[in-house]
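K.L.:
Please read through the structure below; I'll follow up with questions.
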Amino acid sequence: MKNKKTNQITEKTHAIKSAGVLLFSLMILPLGLLIEPQSAFAVAPQFNNDPADQETLLLLNLTKSEVAWHDPASADAGDSIMFDVYYHNTGSDADGIAYNTRIKITFPNNPTSNIVTTGHLWADSVSEITDTGTINASAPLNLIFDNQAKWYPDRQTGTDYTMIPVTKTSNGAEVNIGSIEGGWEHQGHVVFLATSPANNPPVANAGPDQTVNENSTVVLDGSGSSDPDASNILNYNWSCTGGTLDNSAISNPTYTAPEVAADTTYTCTLVVDDSDLNASDTADVLVKNVPPPGGGGGGGGYVELVISGEETKEISSTTAKATWLTNLFATNRVIYDTVSHPTFGVAPNYDYAFSTEQSSTTDTSHAVVITGLNASTTYYWRAVSSASPEVLGKEISFITQIDETAGEEEEEEEEEEEEIGGGTGEGTTTELDTFIDGYPNSTTTVSDASFIFHSSDSTAVFNCQIGYEDWIDCSTPKNYYGLMPGNHRFRVIAVAASGDYDHTPAVYYWTISSPEQPSAEETPTGGGTETETTTATTVETGIIIPPEQPPAPKTGLNLAPFLAAIGMIFNLENNYLLLLLLALVLIPLFVLLNKLKRLERQE
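If you read the sequence shown in my numbering, its first letter stands for residue 381, the second for the next number, and so on.
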């Protein structure tokens with residue numbers, strides 16, 4: 381009996397110890413999950429690879445007053461389209477920061493009715509991800525992006541945004557948002573804005589009619605062709621009824637005239653297109669029949685002086701080198717003009733407007749530098765050599781280069797000048813000051829705003845700006861109605877009659893708060909079922925904020941890293957996995973407790 385009781389006590393003691401071990405394991409399990417979970421489940425920086433992440437690129441037609449982001453979107457000519465690029469760095473290890481994060485939108489160069497745009501998201505040492513968004517247009521359209529984009533960083537902290545500069549190329553718009561840490565609290569959006577103007581047909585200009593000697597060359601001039609849509613790229617296609625072209629797909633090809641028995645006119649047609657619309661123009665080329673050039677002689681007998689191999693080299697915006705050969709030692713000079721002279725008059729310039737100095741020495745290889753030329757201009761020249769008598773070569777043409785330095789200074793000054801209501805600010809010395817006298821409270825629930833202002837110049841007029849909209853002419857008081865909740869900015873500037881303006885606008889910032897809304901926990905009236913809805917929020921008139929990403933589920937203990945890792949291995953949801961783990965612990969514990977109760981009854 382004593383041994384039986386001793387065995388029961390021993391068995392009970394073992395059971396209690398086993399239960400204690402299980403209880404301790406159950407208690408320590410969450411703590412173990414909290415001890416440096418990243419060391420076992422570290423993840424390098426990656427973008428948008430969590431199942432809860434939203435789509436990377438979504439679109440919204442602002443002109444159509446859409447409030448839901450979607451893909452694809454539709455658009456008509458003149459509509460404003462918003463592009464929302466979402467980012468979330470899911471990295472969690474010590475190197476989980478995505479450094480030098482860039483976001484870019486690329487789009488077609490030329491107008492199309494099926495505009496496929498691509499959103500790009502990448503960072504240093506982080507692979508690029510892309511997503512496409514399609515705009516179905518009612519007609520071929522272009523996209524013109526704004527110079528700034530709205531950045532909504534750390535989306536769970538609020539709806540505030542920052543305006544950031546956009547770097548634009550012929551088919552892209554890009555921003556750099558710096559280093560992005562891992563975690564839901566650092567997710568965000570960048571919103572680009574673009575307009576979609578209608579495509580206009582190009583204008584073809586084949587240049588003036590030209591005259592050229594047979595077997596000579598002339599440069600056709602299609603550089604006057606243009607497209608009203610500055611972003612379009614023009615394609616050129618020349619064709620002529622006679623003669624040959626060195627390149628029919630450029631704006632200024634070289635035309636070589638054929639040999640003719642009599643003067644003959646050929647027509648050259650230029651067709652330009654922007655990959656959607658096209659236009660054409662023609663230029664006539666009169667090819668002259670020219671008898672062999674006269675010659676002279678020198679030395680002891682009659683030898684005809686022949687000029688050959690005329691070429692134009694080293695063409696710049698102001699100079700060009702004319703070269704040619706002669707079969708005899710002869711002098712050299714060049715006669716030239718901005719108009720063609722198929723036939724020539726009398727010496728010394730033979731109807732050409734200009735001539736270089738005649739050389740004082742003779743040679744058979746000649747090079748003359750023509751100076752004082754105008755940029756982007758077509759010139760015509762002839763070689764003139766003399767071995768008694770004087771002989772003229774065939775007419776040659778060339779176009780001087782574009783002066784790339786011209787206007788740089790003006791462009792730099794224009795870039796420094798902010799576009800203010802048409803005032804130029806040129807050549808004035810008047811010092812202007814602008815003052816705001818009346819304004820709304822810095823924080824208010826009133827959606828209307830009124831501003832009173834004046835200038836140090838009583839004759840000045842004013843330009844006003846709300847938010848980042850265009851400057852407009854205005855007068856005091858200036859009223860705004862129906863402004864949406866959020867942060868707002870008002871600026872005003874005085875413009876003098878001379879065109880000068882105050883270079884430091886008067887500015888005022890204020891916030892319109894939303895009226896108090898019923899708590900989300902209150903029971904909705906009317907007996908309907910309460911449904912959670914995520915919508916876009918308007919901050920400024922015409923600007924829509926992307927829907928806020930819901931925060932990650934919160935629990936009393938930070939089990940997410942451990943459960944996420946196990947869930948990825950077993951392809952299970954976090955909640956079901958947690959229940960399974962608890963069941964594996966609680967079921968044996970329940971069995972042991974029942975065993976303890978049976979032992980107590982036996983005692």
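Yeah, the Cβ is synthetic: ideal placement off N, Cα and C, and Gly gets one too.
So, helix, strand or coil for residue 868, using DSSP?
P.N.:
Correct three-state label for residue 868: strand.
K.L.:
Note down the Cα distance separating residue 768 from residue 755, rounded to an integer number of angstroms.
P.N.:
Distance between the alpha carbons of residue 768 and residue 755: 36 Å.
K.L.:
Does the beta-carbon distance from residue 687 to residue 765 come in below 8 Å?
P.N.:
Yes, Cβ-Cβ distance for residue 687 and residue 765 is below 8 Å.
K.L.:
Measure the C-alpha to C-alpha separation of residue 357 and residue 866 and round it to an integer number of angstroms.
P.N.:
Because residue 357 is not part of the residues shown, which for the chain are 381 to 983, the question remains open.
K.L.:
Taking residue 571 as the reference, give the member of 517, 873, 531 and 482 with the closest Cα.
P.N.:
With distances taken between Cα atoms, residue 571 lies closest to 531.
K.L.:
Measure the beta-carbon distance from residue 667 to residue 633 and round it to whole angstroms, keeping in mind my assumption that it falls under 8 Å.
P.N.:
Contact flag wrong, Cβ pair sits at about 16 Å.
K.L.:
Rank 576, 884, 723 and 456 by C-alpha distance to the C-alpha of residue 774 and give the top, closest one.
P.N.:
Measuring from the Cα of residue 774, the nearest candidate turns out to be 723.
K.L.:
From the DSSP output, which residues share a beta bridge with residue 875?
P.N.:
Answer is 841 and 881.
K.L.:
Report buried or exposed for residue 494, applying the criterion of at least 16 other Cβ atoms within 10 angstroms of its Cβ.
P.N.:
It counts as exposed.
K.L.:
Using CA coordinates, which residue listed in 470, 448 and 423 is at the minimum distance from residue 432?
P.N.:
Closest by alpha carbon: 470.
K.L.:
Can you check the region 519–573 for any alpha helix (DSSP H) of at least 4 residues that lies completely inside it and give the ranges in chain order?
P.N.:
The region 519–573 contains no whole alpha helix (DSSP H) run of 4 or more residues.
K.L.:
Quick check on the burial criterion: 16 or more other C-beta atoms within 10 angstroms. Buried or exposed for residue 569?
P.N.:
That one is buried.
K.L.:
Measuring only the C-alpha atoms, how far is residue 451 from residue 523?
P.N.:
For residue 451 and residue 523, the distance between alpha carbons rounds to 17 Å.
K.L.:
Nearest-angstrom Cα distance between residue 652 and residue 552?
P.N.:
Distance between the alpha carbons of residue 652 and residue 552 is about 25 Å.
K.L.:
At what residues does the beta strand (DSSP E) containing residue 853 begin and finish?
P.N.:
Where residue 853 is concerned, the enclosing beta strand (DSSP E) stretches over 852–854.
K.L.:
Measuring only the C-alpha atoms, how far is residue 861 from residue 853?
P.N.:
Looking at the two C-alpha atoms, the distance is approximately 17 Å.
K.L.:
Would DSSP call residue 974 helix, strand or coil?
P.N.:
It is helical.
K.L.:
Between which two residues does the beta strand (DSSP E) carrying residue 817 extend?
P.N.:
Its beta strand (DSSP E) spans residues 814–818.
K.L.:
Would you kindly work out how many angstroms separate the C-alpha atoms of residue 977 and residue 961, rounded to a whole number?
P.N.:
So the alpha carbons of these two residues sit roughly 25 Å apart.
K.L.:
Is it true that the CB of residue 742 sits closer than 8 Å to the CB of residue 711?
P.N.:
Yes; because the gap between Cβ atoms is below 8 Å, this pair is in contact.
K.L.:
Using the C-alpha atoms, what's the distance from residue 550 back to residue 609?
P.N.:
When rounded, the distance between both Cα atoms is 13 Å.
K.L.:
Between the alpha carbons of residue 467 and residue 458, how many angstroms are there, rounded?
P.N.:
Those two C-alpha atoms are separated by around 29 Å.
K.L.:
Select from 543, 744, 574 and 720 the residue whose C-alpha is nearest the C-alpha of residue 778.
P.N.:
Of the listed residues, the one whose Cα sits closest to residue 778 is 720.
K.L.:
What residue from 749, 733, 730 and 732 has the CA that sits closest to residue 739's CA?
P.N.:
With distances taken between Cα atoms, residue 739 lies closest to 749.
K.L.:
Exposed or buried, residue 565, counting other C-beta atoms within 10 Å across all chains shown (16 or more means buried)?
P.N.:
It counts as exposed.
K.L.:
Please determine, among 472, 535, 880 and 436, the residue with the shortest C-alpha to C-alpha distance to residue 425.
P.N.:
Minimum Cα distance to residue 425 is reached at 472.
K.L.:
So, are the CB atoms of residue 780 and residue 700 less than 8 Å apart?
P.N.:
For residue 780 and residue 700, yes; Cβs fall inside 8 Å.
K.L.:
Between the C-alpha atoms of residue 800 and residue 501, what's the straight-line distance to the nearest angstrom?
P.N.:
Unreliable positioning characterises residue 800 in this predicted model, as indicated by a pLDDT of 47, which lies under 50. The coordinate reading is nonetheless provided below. Straight-line Cα distance between these residues: approximately 35 Å.
K.L.:
DSSP state of residue 967, grouped into three classes?
P.N.:
Correct three-state label for residue 967: helix.
K.L.:
Is the Cβ-Cβ distance between residue 602 and residue 616 less than 8 Å?
P.N.:
Yes; because the gap between Cβ atoms is below 8 Å, this pair is in contact.
K.L.:
In the DSSP assignment, find the unbroken beta strand (DSSP E) run with residue 858 in it and report its ends.
P.N.:
Residues 858–860.
K.L.:
Which residue or residues does DSSP assign as beta-bridge partners of residue 849?
P.N.:
Partner(s): none; residue 849 has no beta bridge.
K.L.:
Are the CB atoms of residue 490 and residue 655 nearer to each other than 8 Å?
P.N.:
Result yes, Cβ atoms of residue 490 and residue 655 sit closer than 8 Å.
K.L.:
For residue 728, which residues from the same chain have a beta carbon less than 7 Å from its beta carbon, with the 5 sequence-adjacent residues on both sides left out?
P.N.:
Counting only Cβ-Cβ distances below 7 Å, and skipping sequence neighbours, we find 735.
K.L.:
With a Cβ-Cβ cutoff of 8 Å, do residue 863 and residue 837 count as a contact?
P.N.:
No. Outside cutoff.
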